[in-house]
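One structure below.
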Amino acid sequence: MLENVLIFFGGLSVFILGIRLLCENCEKLLTGKMNFLLKKFAKNSTTSFMTGTVVSAISQSSVAVNSALVSLVDAGCLSLLNACAVIVGVNVGTTMTTQLISLTNMSFDISLIACFLSFIGVIMASVKKTKTCGLMLTGFGFIFIGIKLISPCATYFERYEFFMRIFTVKNPFLLMFYGIMFPAILQSSSVLTGIMVILSEQGVLCFSQNAFLILGANVGSCVGVILFSVDKNVMGKKCAYFNLLINVFGAILFTPLVIKFPNFIQKTFTGLSCKPERQLANFHTLYNLVTSLLVLPFLKFFVKLTNVNFKGFFKQKKNKIIDKNV
10 MLENVLIFFG GLSVFILGIR LLCENCEKLL TGKMNFLLKK FAKNSTTSFM TGTVVSAISQ
70 SSVAVNSALV SLVDAGCLSL LNACAVIVGV NVGTTMTTQL ISLTNMSFDI SLIACFLSFI
130 GVIMASVKKT KTCGLMLTGF GFIFIGIKLI SPCATYFERY EFFMRIFTVK NPFLLMFYGI
190 MFPAILQSSS VLTGIMVILS EQGVLCFSQN AFLILGANVG SCVGVILFSV DKNVMGKKCA
250 YFNLLINVFG AILFTPLVIK FPNFIQKTFT GLSCKPERQL ANFHTLYNLV TSLLVLPFLK
310 FFVKLTNVNF KGFFKQKKNK IIDKNV
């Protein structure tokens, strides 16, 4: 028992370190370029949405992209309307992390490739010019090495009632609360979704549990951006609040559907893949995509709703850019 617990937490540490290394060094590599891409391509709602999707998929960090957006809006370099369209795209792009992690259970052992990539990454990290890329590779490798260590140990938890009480929670609102709190504390929803992929692969978590955790995790990931916007002007705060607004909207929209039609929704995703971890990743992507496509045509309405909620609470500051669309 003790050996499995120690290996589990050791593997979890390697996994979290891998995500941190990958995200932080992707962010470093894109520093400056991220702001340039956002300012250059975020010209209208469509291009802004596509830019947000691509940049967040590459950077592997929705918090980093959203924080950059808050800074650009705060500085008056980007209109609130276009920034909000980018945020909608960011929610879709960030699901690529879960898709990547869910590829572990394949016909070949990807952890063997991960070990080699980590070795190459460590060598590259010792050279100043390639340090960032090397740490990215090391982080990528550590993610799958961590999963390889965790996976065999996860099955042992089924033998112990204490752990199963935690994993077999059925209350949807309690699951959503867990989903909100975990990313809010760790400032990363990728860590939670990664752990969920592993536990789903071992049959510890079922589809409906994953669905409610995902709904909560999307809301919890907004906390980091809100904290970042505390010292920004009202436009920066509106940008952070819009991010929270659309994620709460998505959760409110999907929660009744998952509660009322759990079997139908599960069968839909089972048709796409019979593997539980792939079902989780596909639900995460489709949920964010559907929410984004519902928000995008009514973007001006949601921006106006953001403005209405802020009216009277914050004293307006003069911004460098005048947005006629807001």
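Take the position in the sequence shown, starting the count at 1, then add 9; the result is the number in our numbering. Glycine is no exception: its CB is placed at the ideal position from the N, C-alpha and C atoms.
When C-alpha distances from S111 are compared across N291, S22, N180, V317, the shortest belongs to N291. Taking all protein chains in view, the Cβ of L289 is crowded by 16 or more other Cβ atoms within 10 Å, so the residue is classified as buried.
Within the stretch 245-285, the runs of alpha helix (DSSP H) that reach at least 4 residues and sit entirely inside it are, in chain order, 271-281. Between P192 and the set N227, G212, V213, the nearest pair of CA atoms involves N227.
When secondary structure is reduced to three states using DSSP, D83 falls in the helix class.
If you draw a straight line from the Cα of N252 to the Cα of S71, it is about 11 angstroms long. If you ignore the 5 residues before and after I268, its C-beta comes within less than 8 angstroms of the C-beta of P181, all in its own chain and listed in chain order. In this structure, A123 and L87 do not form a Cβ contact; the two beta carbons are roughly 37 angstroms apart against a cut-off of 8 angstroms. Contact annotation: G225 and A260 have beta-carbon atoms nearer than 9 angstroms.
Taken atom to atom, the span from the alpha-carbon of L38 to that of N272 is near 43 angstroms. Only residues of its own chain outside the window of five on either side were considered, and among them L30, L31, N34, C35, L38, G130 have a CB closer than 8 angstroms to the CB of M145, listed in chain order.
Judged by their CB atoms, H293 and T62 are not nearer to each other than the 9 angstroms cut-off. Taking L266 as the centre and dropping the five residues before and after it, the same chain places the C-beta of I274 closer than 8 angstroms to its C-beta, in chain order. Taking a cut-off of 8 angstroms for Cβ pairs, the stretch 21-28 and the stretch 150-164 touch, as three or more such pairs fall below it. The closest CA to that of L262, considering only V101, P285, F45, N297, is found on N297. Taking 4 residues as the minimum length, the alpha helix (DSSP H) runs contained wholly in the stretch 145-220 are 170-176, 181-195, 198-210, in order along the chain. Separation of the CB atoms of L46 and T60 is rounded to 6 angstroms, and the pair is thereby assigned contact status at 8 angstroms.
With a cutoff of 9 angstroms on beta-carbon distance, L21 and C248 are scored as not near each other. For A94 and K241, the gap between their C-alpha atoms comes out near 20 angstroms. When the beta-carbon positions are compared, L314 and L254 come within less than 9 angstroms of each other. When secondary structure is reduced to three states using DSSP, K313 falls in the helix class. Taken through DSSP and simplified to helix, strand or coil, N53 comes out as coil. When the five nearest sequence neighbours on each side are left out, the beta carbons in the same chain lying within less than 8 angstroms of the beta carbon of V23 are those of F151, I154, G155, L158, in order along the chain. Shown here, S230 sits in coil according to DSSP, grouped into three states, outside any helix or strand. Rounded to whole angstroms, S230 and S197 show a C-alpha spacing of 6 angstroms. Cα atoms of G148 and S127: separation of roughly 7 angstroms, rounded to the nearest angstrom.
Spanning the alpha carbons of F270 and T264 requires a straight line of approximately 10 angstroms. Note on geometry: alpha-carbon atoms of V317 and G19 lie some 48 angstroms from one another. DSSP places N242 outside both helix and strand once states are collapsed to three, so it counts as coil. In the same chain as I96, and ignoring 5 residues on each side of it, the C-beta atoms closer than 8 angstroms to its own belong to G61, N75, L78, C248, F251, N252, I255, in chain order. Judged by DSSP in its simplified three-state form, S65 adopts helix. Taking C-beta atoms under 8 angstroms as the contact rule, S301 and G85 fail to qualify, at a distance of about 26 angstroms. When secondary structure is reduced to three states using DSSP, V14 falls in the helix class. From the listed residues R287, F258, P285, K138, the smallest Cα separation to V299 is found for F258.
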